[in-house]
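Following: one structure in structure tokens, then a few remarks.
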Amino acid sequence: MTNNLFIVKATDTDTNENMEYEYSCLEHARDTYNVLKRQSDIENLVVLEYDFASKKYHLVEM
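Here this note's numbering is used: the first residue of the sequence shown is 690, the next is one more, and so on.
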């Protein structure tokens with residue numbers, strides 16, 4: 690089991706819906722990030738890494 694969780698967050702500007710996707714590995718988070726990045730109605734797109742040991746979030750540079 691990993692000590693980290695990767696969270697992709699974004700806002701759909703058409704529906705004003707906040708989206709959040711959680712993954713146990715960075716590769717899957719990066720795939721989702723890249724799909725969302727290509728869509729014109731997405732903003733505030735970030736990937737966060739949550740460390741279960743320290744209980745802190747860190748912004749992942751993409």
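Note that beta-carbon positions come from the ideal geometry of N, C-alpha and C, so glycine has one too.
No experiment lies behind these values; they were computed from the predicted model shown.
Count the other CB atoms, across all protein chains shown, that sit within 10 Å of the CB of A742; report buried if there are 16 or more and exposed otherwise. exposed
CB-CB length for K726 against L737, believed under 8 Å: Their Cβ separation, rounded to whole angstroms, is 16 Å, which puts K726 and L737 out of contact at 8 Å.
Tell me the residue span of the beta strand (DSSP E) that contains N733. I731 to D740
Considering just the uninterrupted stretch of the alpha helix (DSSP H) at V724, what are its terminal residues? Run containing V724: L715 to K726, per the alpha helix (DSSP H) assignment.
In DSSP terms, what M708 is bridged to: A699
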